[in-house]
Amino acid sequence: MGGRLSIDEVKPVIGHGEYPAKSVVGEHLPVDATIWREGHDAVGAAVRWCGPGGTSAEIAMTAVDPGTDRWQAVVVPDREGPWTFQVIAWSDPWASWRHAVLAKVEAGQGAEELAAELELGARLLERVARSGRSADRPELTRAAEALRDPRTPVRLRVRAALTDRVERLVAAAAPRDLVTEGPSYQVEVDRERALFSSWYEFFPRSTGGTDAAGRPVHGTFRTAARELTRVAAMGFDVVYLPPVHPIGAVNRKGPNNSLTAGPEDVGSPWAVGSAAGGHDAVHPELGTLADFDAFLFEAGRLGLEVALDLALQCAPDHPWVAEHPEWFTQLPDGSIAFAENPPKKYQDIYPLNFDRAPGGLYREILRVVEFWAERGVRIFRVDNPHTKPPDFWHWLIRTVKSTRPDVLFLAEAFTRPAVLHGLARLGFTQSYTYFTWRDTKEELTDYLTELVGDADFLRPNFFVNTPDILPRGLQRDDPGAFAVRAALAALLSPSWGVYAGFELMEHQVLASGGEEYLDSEKFQLRPRDFAAARAEGRSLEPWLTVLNGIRRRHPALQQLRTLRFHPVDSADLIAFSKTDPATGDTVLCVVTLDPSRPTEGTVTLDPAGPLPGRLLVTDEVTGELRELGTSFDVKVDPDRTVAHIYSWRNS
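Residue 1 is where the sequence shown starts when you use the UniProt record's numbering, and the numbers rise one by one after that.
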């Protein structure tokens, strides 16, 4: 609170204003505040919205939820960069006068009783005339004179002062008393890809096929580039590559994370660095930097962006180990500590120690990021950011975005809520989430409701699987289970991701009760014959293509803020809707949670939305038309589809 009026509970404000809220170009960003003053006089409010380069505008706020003193405006950024907003409140003498005089006239008070009130209104109109446009002064002056005209009945005098025309003129230069300005808060505005994206992850080294004896052949950037057409055809727009750098030879891991590697074993790409180079080099078997540049070019030609893994850790033979031993943790015997996540051990990886000589280490990592950004990489998927200091990420992301505002960072942090949220506040553009472990209707509803509440600073990316995580629900040969998880991820979150092999429904687990893939691609080549799987009907590529196509056609699915869940009288059906504030595009989804059998239920919608009465809507999956009301029956038959996706446009 500060000033004559109270401005409380302003949103979006992150960390008491220490960190910026997040938005993207063109997004409708609500700004809310509780605004009040003593007594019954009317209050007015606005948002002062300032963008890069000094541009500014004032957007009027309106009262919402009567009786709560809650006010809201919607701001829409039109460019990337740092923005600020400030809530301004004032006592509105014109609105106070209008309310009082109408009430008194309605009560039958006459000219003598209203003499002071009428004079006050006239003076307010003259005040507006002095501050407004000169062309409007005659009409405002006539309205003031009408209020003072003793020959005219009171009702007619007031009516003359409250015509639509006069009201518009007053609104354009409305008098403000007791003006109170709240603090200024930050909003970091990214490009649209920061909010809406469809990711596909694959290992370039697994794209070499097999030789005549059926043995896997190490792929290259050239063979990986051939996969891009298939990925683009499925409607994905981001291709994420695990680390493409040289892989350490010392303590290299064998298949299934075994401690002994044979001469042909390729090792884990997250064991970064060897005699061939470090984080600014590419693995020699993948090709050269020129080959990487050609891969980027081909991706761009197909409308794909390339996300590169930023894995801040080193193999024992990484050049940094010899050049900067101070960047690592030394044990009492003089050796360097390898990474552990008890009981797991990573003998092939040395973690960096950010508390030893941080200045030099910070600068070197910034150099690495700038190196790849200079080559055209604009998205970084950051490995295990929760194991690095918070102040480092705050510094790195702010420094990079100060000159390259279009660079995006995805946090791969399956960790405690406070840490996941903290990384988002520090500047990470997107975050992996707990969606992977949310399966039931109650779990999904509760978690997504939480994420909607965090939408001002945390943007979720729903990966259905990763090289590290084969979720329990996907550890069976059940195409329907895979189709359901894809539908939930693609429809609930504006950003989602798939790791290669998901479309082939790979489901073998290393150990019962675990989540590691058998014959994990992290440690060996996994060539896949996607064409044969399609031809034999063993591929989910068509379903992924349908989902991505619907997402691209419907702006409602490209944001999270308007997500609403709707009651269904079946535990195995979940219903939710989204509406795009700019276009009125609305999508209502009903997804089965049990793909083993047909499921029926009745969906009940809030009469206040999203459906304005009975409408003829299109099912985006089947192409069928049907009429929907605020309550309707639905049947989801997995033999046809695991989801009905209805769309329409509100006026």
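Positions of the beta carbon are idealized from the N, C-alpha and C atoms, including for glycine.
- If you ignore the 5 residues before and after T415, its C-beta comes within less than 6 Å of the C-beta of H386, all in its own chain and listed in chain order.
- Nearest Cα to P471 within the set E442, A511, H99 and R459: A511.
- One alpha carbon belongs to R130, the other to P138, and they sit about 11 Å apart.
- Using a 10 angstroms sphere on the CB of G267, the tally of other CB atoms reaches 16 or more, which defines it as buried.
- According to the DSSP secondary-structure assignment, H566 is paired through a beta bridge with A575.
- Across the structure, R222 and P30 are spaced so that their CA atoms are roughly 46 Å apart.
- W496: member of the beta strand (DSSP E) spanning S495 to Y499, first to last residue.
- Pairing V636 with E620, the inter-Cα distance amounts to about 14 Å.
- According to the DSSP assignment, D291 belongs to the alpha helix (DSSP H) that extends over L289 to R301.
- For N341, the secondary structure class from DSSP, reduced to helix, strand or coil, is strand.
- With respect to the 9 Å criterion, T436 and V464 are classified as neighbours on the basis of their beta carbons.
- Following the DSSP letters along the chain, one finds A46 inside the beta strand (DSSP E) bounded by residues V43 to C50.
- Excluding sequence positions up to five before and after F354, its CB lies within less than 7 Å of the CB of L361, K388, P389 and F392, all in the same chain and listed in chain order.
- Along the length of the segment 405 to 451, whole alpha helix (DSSP H) runs at least 4 residues long occupy 417 to 426, reported in chain order.
- The residues D454, F457 and L458, in chain order, have a CB closer than 8 Å to that of H421 in the same chain once the five nearest residues on each side in sequence are set aside.
- E298 sits away from L241, with the two beta carbons spaced by 9 Å or more.
- In terms of Cα proximity to L125, the closest of L169, A116 and P183 is L169.
- CA-to-CA, the gap between E188 and A107 works out to about 52 Å.
- Boundaries cannot be given for Y517, as no beta strand (DSSP E) includes it and DSSP labels it neither H nor E.
- I59 sits in a strand when the DSSP states are folded into three classes.
- From the listed residues A95, D211 and A100, the smallest Cα separation to P175 is found for A95.
- One thing to note: L593 has its Cβ no nearer than 9 Å to the Cβ of S577.
- Between Y646 and T618, the CB-CB gap stays under 9 Å.
- Bounds of the alpha helix (DSSP H) holding G480 are P479 to L492.
- Ranking F236, E516 and P269 by CA distance to the CA of A249 puts P269 first.
- Boundaries of the beta strand (DSSP E) harbouring D8: S6 to K11, taken from the DSSP string.
- Rounded to the nearest angstrom, the gap between the Cα atoms of S539 and T545 is 11 Å.
- Straight-line spacing of the CA atoms in A63 and P183 works out to 20 Å.
- Between the C-alpha atoms of L451 and E412 there is a straight-line separation of about 17 Å.
- Close CB contacts of D78 within its chain, under the 8 Å cut and outside five residues either way in sequence, are with V25, G26 and G51 (chain order).
- Contact check for I379 and A307: beta-carbon distance about 4 Å, within the 8 Å limit, so the pair qualifies.
- Per DSSP, reduced to three states, the secondary structure at P325 is helical.
- Counting the other Cβ atoms within 10 Å of the Cβ of Q524 gives 16 or more, which makes it buried.
- The C-alpha of A261 is placed about 48 Å away from the C-alpha of G81.
- A160 places its beta carbon less than 9 Å from that of A143.
- Taken atom to atom, the span from the alpha-carbon of K345 to that of E515 is near 16 Å.
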